[in-house]
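Chemist: Residue numbers (my numbering), protein chains in the order written: chain A, 1 to 323; chain H, 1001 to 1323.
Glycine included, each C-beta is placed from N, C-alpha and C at the ideal position.
Quantities reported herein were computed from a predicted structural model and do not represent experimental measurements.
Mind looking over this structure? Questions follow.
Number of protein chains: 2
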Amino acid sequence: MTIPLGEFDLIARYFTRPARRAFLGVGDDCALLPAPAAGEQLAISSDMLVEGRHFLPDADPEALGHKALAVNLSDLAAVGAQPLAFTLALALPQAEARWLEGFARGMWALADAHDIELVGGDTTRGPRNLCITVLGTVPQGRALLRSAAQAGDDLWVSGTLGDARLALGYRLGEWSLDDVAQATSFARMDRPTPRVTLGLALRGVAHAAIDVSDGLLADLGHILQRSGVGATVHADACPASPALRTQSATRRRLCQLAGGDDYELLFTAPTSARDAVQAAATQAATAVTRIGRIETRPGLRLIDAEGQVLDNAYAGFDHFRPA
Amino acid sequence: MTIPLGEFDLIARYFTRPARRAFLGVGDDCALLPAPAAGEQLAISSDMLVEGRHFLPDADPEALGHKALAVNLSDLAAVGAQPLAFTLALALPQAEARWLEGFARGMWALADAHDIELVGGDTTRGPRNLCITVLGTVPQGRALLRSAAQAGDDLWVSGTLGDARLALGYRLGEWSLDDVAQATSFARMDRPTPRVTLGLALRGVAHAAIDVSDGLLADLGHILQRSGVGATVHADACPASPALRTQSATRRRLCQLAGGDDYELLFTAPTSARDAVQAAATQAATAVTRIGRIETRPGLRLIDAEGQVLDNAYAGFDHFRPA
């Protein structure tokens, strides 16, 4: 049902809650937030999700509300920041109550889980587009940076890789999946878990970090480029879900090495910190797996379980690269 | 010319500059900014501009780059905040170099004028959509709020009102304009001046403030509602540009009272502060005009130059209100 809600009714009905930390919340010209404590830095990130590109027109609005915030929280996780607040700008072809209710429910559930406040934004009519900006805090000098990898570091990844790509391939008709594999892989694609707790626990333990959004090798490439180092990755050591483990080695590698949208943390840490990394993982209740090594020699080398070098034909996702 | 730029080339070519205040700028997972000084609050606002709704497909990209940032800076001006940094999320149907160059030029010119840094964002393919989030700072308790108007306050407005609506009416074929009126009114619509300096100068002088984006009476309505007061507005006292002064009284009132997109500051201040308001205006090199009075009696009353009450048929703009 499309109901003739005005813009201000819309804001009031779905996106207004009593302000907590914010002095002014949704509905004034700006939100006002107390400045972080002395010695804290502000971490900021924006992500835009576009219908037809990042999600389908018939996507479940509740999952979308979750995902739009999750991908932003994942950026905070990747620098080890504590989430503080977010803004939401929303373009919609029409003000549809059922869609808005679902979207708000998914967004609020994740916001509440991370104790993060919606402090402002914008609603307008237009092709469906969701733009969230998150703010977080991190003690001065303690952020996990893409540029901090050092030769000799272990390369680690959280959770499992490749499930979102497995679901996408099914949706695109590239392969079939049984019901269980569909359910588990779609859950990963539609409702990714931002690794915020792990990012916080890795401060002072890990060197470099990034979240896997464009694909493992593409995102690792960003770390290598920024840090001026190279790496060897054990292709078959990448942690896989039960659904992905039943797939062929070729498909599994494709999903794990080139598949984006997993939102796991890829990070480096000195070998002396292996126990500390495991302790951080336990604290965050998130599995971590060693998948390679940072090296002085530039470039990215892929090897299989027998140590044979594999071709790296796994480009990452680029929104403007011609197909 | 459409050139096959990748997402990362795009970011590098048009939107990367050496970071100044920011520790990490465009291209990492998050930007990191030093926290504001103790006693400062953070002011945050997001605005989304959609092609076909806020601008036409053939809009000058340089003007758009200006306007996308200007409407956000105007929100900071309305609370009296000092601009600090902004993020830009951009959806584009294709990576067109000429468009991006123009957009970046307009955006950087205004950013530099306000010494504000681009600290991050997102680029993706999709229907053209520009979403900017601005951050600013304001000393604790000194922000200008919509809720702070008091009965007895003067009602003031900066600059002139109605030019953007005059230009829009010409574009929509509602009326004709001579060349000079076209040039001046389109300049106002396409390149609004955010009243940042005036907002800063009005801290401690003005009570309530808002920027005129939806229309004078609609935006005044927000102040009245939030402050629990009423107002009388002298319709014919609204400051008008030379182009608008040549129009009929009916058209002038329509443009001035209901026209949005002017981005002037509408604010209230006690009568005892008239000299201080004028001093702030002089300091900001921005004219201000008294156009009415805040009153205890609820509601909004419009009167003409003879003191006759006018019908208020001037609704503001609402993106989701049925036409």
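Identify the contact partners of H/Pro1036 in chain A, using a Cβ-Cβ distance below 7 Å as the criterion.
Modeler: The answer, in chain order, is Ala35.
Chemist: Relative to chain A, which residues along the region 1185–1199 of chain H have a C-beta separation below 7 Å, given in chain order?
Modeler: Within the region 1185–1199 of chain H, no residue has a Cβ that lies closer than 7 Å to any Cβ of chain A.
Chemist: Would you say H/Leu1084 and H/Leu1135 are within 7 Å of each other, going by their C-beta atoms?
Modeler: It is a contact, given that the beta carbons lie within the stated cut-off.
Chemist: At a Cβ cut of 7 Å, what residues of the region 74–92 of chain A count as close to chain H, listed as they run along the chain?
Modeler: Listed by position, the residues of the region 74–92 of chain A near chain H (Cβ gap below 7 Å) are Asp75, Leu76, Ala78, Val79, Ala81, Thr87, Ala89, Ala91.
Chemist: Go ahead and label H/Val1205 buried or exposed: buried means 16 or more other beta carbons lie within 10 angstroms of its beta carbon, across all protein chains shown.
Modeler: Buried: at least 16 other Cβ atoms inside 10 Å.
Chemist: Run through DSSP, which three-state label would A/Ile303 get?
Modeler: In this structure, A/Ile303 counts as strand in the three-state DSSP scheme.
Chemist: So the alpha helix (DSSP H) H/Gln1283 belongs to, where does it begin and stop?
Modeler: It spans 1274–1283 - the alpha helix (DSSP H) in which H/Gln1283 sits, taken as one unbroken run.
Chemist: Just by C-beta distance, which residues in the region 35–66 of chain A are closer than 9 Å to chain H?
Modeler: Listed in sequence order: Ala35, Pro36, Ala37, Ala38, Gly39, Glu40, Gln41, Leu42, Ala43, Ile44, Ser45, Ser46, Asp47, Met48, Leu49, Val50, Glu51, Gly52, Arg53, His54.
Chemist: A/Asp304 and A/Asp236 look like a contact to me (Cβ under 8 Å); what is the Cβ gap, rounded to whole Å?
Modeler: A/Asp304 to A/Asp236, Cβ: 6 Å. Contact.
Chemist: Is any beta-carbon of chain A found at less than 7 Å from that of H/Arg1252?
Modeler: No - not a single Cβ of chain A is within 7 Å of the one on H/Arg1252.
Chemist: Are the C-beta atoms of H/Thr1232 and some chain A residue less than 7 Å apart?
Modeler: Cβ-Cβ to chain A under 7 Å: no for H/Thr1232.
Chemist: Under a CB-based cut-off of 7 Å, is A/Ile3 close to chain H?
Modeler: In this prediction, A/Ile3 has a pLDDT of 44, which is less than 50 and means its spatial position is unreliable; nothing more can be read from the coordinates.
Chemist: Which same chain residues, not among the five before or five after A/Leu166, have their C-beta less than 6 Å away from its C-beta?
Modeler: Counting only Cβ-Cβ distances below 6 Å, and skipping sequence neighbours, we find Ser185, Leu244, Cys255.
Chemist: List the endpoints of the continuous alpha helix (DSSP H) containing H/Gln1041.
Modeler: Careful: H/Gln1041 lies outside any alpha helix (DSSP H), inside the beta strand (DSSP E) at 1040–1050.
Chemist: For the region 1109–1133 of chain H, enumerate the residues whose C-beta is nearer than 8 Å to any C-beta of chain A, in chain order.
Modeler: Taking 8 Å as the Cβ-Cβ cut-off against chain A, the residues of the region 1109–1133 of chain H that qualify are Val1119, Gly1120, Gly1121, Asp1122, Thr1123, Thr1124, Arg1125, Gly1126, Pro1127, Asn1129, Cys1131, Thr1133.
Chemist: Check whether the region 1202–1220 of chain H touches the region 1272–1287 of chain H, counting contact only when three or more Cβ pairs, one atom from each stretch, lie closer than 8 Å.
Modeler: Verdict: yes, contact present.
Chemist: Does DSSP put H/Leu1064 in a helix, a strand or coil?
Modeler: H/Leu1064: helix per DSSP, three-state reduction.
Chemist: Go ahead and pull the three-state DSSP assignment for H/Ala1091.
Modeler: H/Ala1091: strand per DSSP, three-state reduction.
Chemist: Bridge partners of H/Ser1158, per DSSP?
Modeler: The partner list for H/Ser1158 (beta bridge, DSSP) reads H/Val1288.
Chemist: Taking just the CA atoms, how far does H/Leu1200 sit from A/Glu264?
Modeler: Those two C-alpha atoms are separated by around 43 Å.
Chemist: Whose CA, out of A/Val233, A/Val229, A/Glu40, A/Phe86, lies closest to the CA of A/Gln150?
Modeler: When only C-alpha atoms are compared, the closest one is A/Val229.
Chemist: Look at the Cβ atom of H/Leu1145, then the Cβ atom of H/Ile1291, and state whether they are nearer than 7 Å.
Modeler: Not a contact, by the Cβ cut-off of 7 Å.
Chemist: What residues are listed by DSSP as bridge partners for H/His1234?
Modeler: Looking at the DSSP assignment, H/His1234 forms a beta bridge with H/Ile1303.
Chemist: Within 7 Å (strictly less), CB to CB, does A/Ala143 reach chain H?
Modeler: Yes, because at least one Cβ of chain H sits closer than 7 Å to the Cβ of A/Ala143.
Chemist: Have a look at H/Gly1260 and H/His1222 and give me their C-alpha separation to the nearest angstrom.
Modeler: One C-alpha to the other measures close to 14 Å.
Chemist: Leaving aside the five residues before and after H/Ala1323 along the sequence, list all residues of the same chain whose C-beta is less than 7 Å from its C-beta, in chain order.
Modeler: With a pLDDT of 37 at H/Ala1323, under the threshold of 50, the predicted position of this residue should be treated as unreliable, though the coordinate-derived value follows. There are no such residues.
Chemist: Look at the alpha carbon of H/Thr1016 and the alpha carbon of H/Gly1162, and state the distance between them as a whole number of angstroms.
Modeler: Cα to Cα, the separation comes out at about 37 Å.
Chemist: Interface residues of chain H around A/Val138 at Cβ under 8 Å?
Modeler: Going along chain H in sequence order, the residues near A/Val138 (Cβ under 8 Å) are Leu1032.
Chemist: In this structure, does DSSP put A/Ile116 in helix, strand or coil?
Modeler: In this structure, A/Ile116 counts as coil in the three-state DSSP scheme.
Chemist: Starting from H/Ile1291, find everything on chain A with Cβ-Cβ shorter than 8 Å and list it in chain order.
Modeler: Correct list: empty, because the minimum Cβ distance to chain A is about 19 Å.
Chemist: Find the residues of chain A that neighbour H/Ile1210, judging by a C-beta separation of less than 8 Å, and give them in chain order.
Modeler: Result: Asp29.
Chemist: Using a Cβ-Cβ cutoff of less than 6 Å, which residues in the same chain neighbour A/Pro192 once the five nearest sequence positions on both sides are dropped?
Modeler: Only Ala70, Tyr263 meet the Cβ criterion.
Chemist: Mind checking which residues open and close the alpha helix (DSSP H) that includes A/Thr250?
Modeler: 249–253 is the span of the alpha helix (DSSP H), which, as asked, contains A/Thr250.
Chemist: Roughly how far, in whole angstroms, is the beta-carbon of A/Ser147 from the beta-carbon of H/Asp1122, given that I think they are within contact range, below 8 Å?
Modeler: Contact flag wrong, Cβ pair sits at about 20 Å.
Chemist: In this structure, what does DSSP give as the bridge partners for A/Val79?
Modeler: According to DSSP, which records beta bridges pairwise, A/Val79 is partnered with nothing at all.
Chemist: Got a sec? Which residues, its chain only, sit under 6 Å from H/Asn1129 by beta carbon, not counting five neighbours each side?
Modeler: Only Val1050, Ala1091 meet the Cβ criterion.
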